[in-house]
């Protein structure tokens, strides 16, 4: 009876020892199922009910990378190098002058003296241009003037007017002195003829050969300087530039 009862209890004991294992396996399988569901839920979070966005393919990225590399490979070294110019250098120049000429022709570098010359040349050209513009403005002003308004002394520089006035005065003074001396010489020649006295031979020949034939021309020169100076002074006094205006 004892052995029979043990035989009857064996299946029950076997189930008792086996059931924890099956319980743990079922528990682990259920926990694994829950974790996988959570992962799927986290992946699908924020996407809503719309369609899933397609993931970029690796082939597109590979093609772009290949195209970029090919464009870099196509760049030649000549694009980074400066173009070579045909330099014309005199072989008789010194080393310093040759280097200076190379820098000038290759890179356009200029010395300090050359830069100063360029500055002076620019200033000279600016002055010439300014003078030309002033002359152009004066010519335009003359064209727009009527005959009554035209006054030549307004357009002549003061230095020129002063030079003309000085020339006429000096010419008048010299011609006046020469005319008086010529008159004295002719008078002395007439006195020798009237009195029978004689003058030195060289003085007498100078009076006869030079003074007497040119006396009339000297008088005309004197009159010319005198009239010119009078007309010039009268024109200056009558010009609009010399009229006093309040």
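Residue numbers (mature numbering (1 follows the signal peptide of the UniProt record, and there is no 0)): -16 to -1, 1 to 230. For every residue, glycine included, the Cβ atom is placed at its ideal position computed from N, Cα and C. Keep in mind that this is a model prediction, so the values were computed, not measured.
Terminal residues of the continuous alpha helix (DSSP H) containing residue 155? Reading the chain shown from its first residue, position 171 is the one you call residue 155. Run containing residue 155: 142 to 179, per the alpha helix (DSSP H) assignment.
Helix, strand or coil for residue 204, going by three-state DSSP, please let me know. Sequence index remark: in the chain shown, residue 204 carries index 220 (1-based). Note: residue 204 maps to helix in three-state DSSP.
Tell me the rounded alpha-carbon separation between residue 139 and residue 122. Here residue 139 refers to the residue found at position 155 of the chain shown. Here residue 122 refers to the residue found at position 138 of the chain shown. The alpha-carbon atoms of residue 139 and residue 122 are separated by roughly 7 angstroms.
Residue 172 vs residue 191 beta-carbon contact at 9 angstroms: Position 188 of the chain shown holds residue 172. Position 207 of the chain shown holds residue 191. Yes.
Name the residue from 168, 204 and 105 whose alpha carbon lies nearest to the alpha carbon of residue 187. Looking up residue 187 in the chain shown gives position 203. When each option's Cα is compared against that of residue 187, the closest is 168.
Determine whether the beta carbon atoms of residue 152 and residue 78 lie at a separation below 9 angstroms. As a first step, residue 152 must be located in the chain shown, where it is residue number 168. As a first step, residue 78 must be located in the chain shown, where it is residue number 94. Taking 9 angstroms as the Cβ cut-off, residue 152 and residue 78 do not qualify as a contacting pair.
For residue 215 and residue 177, what's the separation of their Cα atoms in angstroms? Counted from its first residue, the chain shown places residue 215 at position 231. Counted from its first residue, the chain shown places residue 177 at position 193. Their Cα atoms are separated by approximately 41 angstroms.
Residue 111 versus residue 160 - alpha carbon distance: As a working mapping, residue 111 is identified with position 127 in the chain shown. As a working mapping, residue 160 is identified with position 176 in the chain shown. Cα to Cα, the separation comes out at about 44 angstroms.
N- and C-terminal bounds of the alpha helix (DSSP H) containing residue 116: One-based indexing of the chain shown puts residue 116 at position 132. Segment 96 to 128, the alpha helix (DSSP H) holding residue 116.
Looking at residue 199: is its Cβ nearer than 9 angstroms to the Cβ of residue 147? For this step, residue 199 is matched to residue 215 along the chain shown. For this step, residue 147 is matched to residue 163 along the chain shown. Taking 9 angstroms as the Cβ cut-off, residue 199 and residue 147 do not qualify as a contacting pair.
Can you tell me whether DSSP reads residue 87 as helix, strand or coil? Working through the chain shown from its first residue, we reach residue 87 at position 103. Residue state, collapsed to three classes: helix.
Starting from the Cα of residue 118, find the closest Cα among 106, 156, 102 and 141 and give me that residue. Locating residue 118 in the chain shown gives position 134, where the first residue counts as 1. The residue with the shortest Cα to Cα distance from residue 118 is 141.
Note down, in chain order, each residue of its chain lying with its Cβ closer than 7 angstroms to the Cβ of residue 93, except the 5 sequence neighbours on either side. For the purposes of this step, residue 93 is taken as the residue at position 109 of the chain shown. These residues qualify, in order along the chain: 87.
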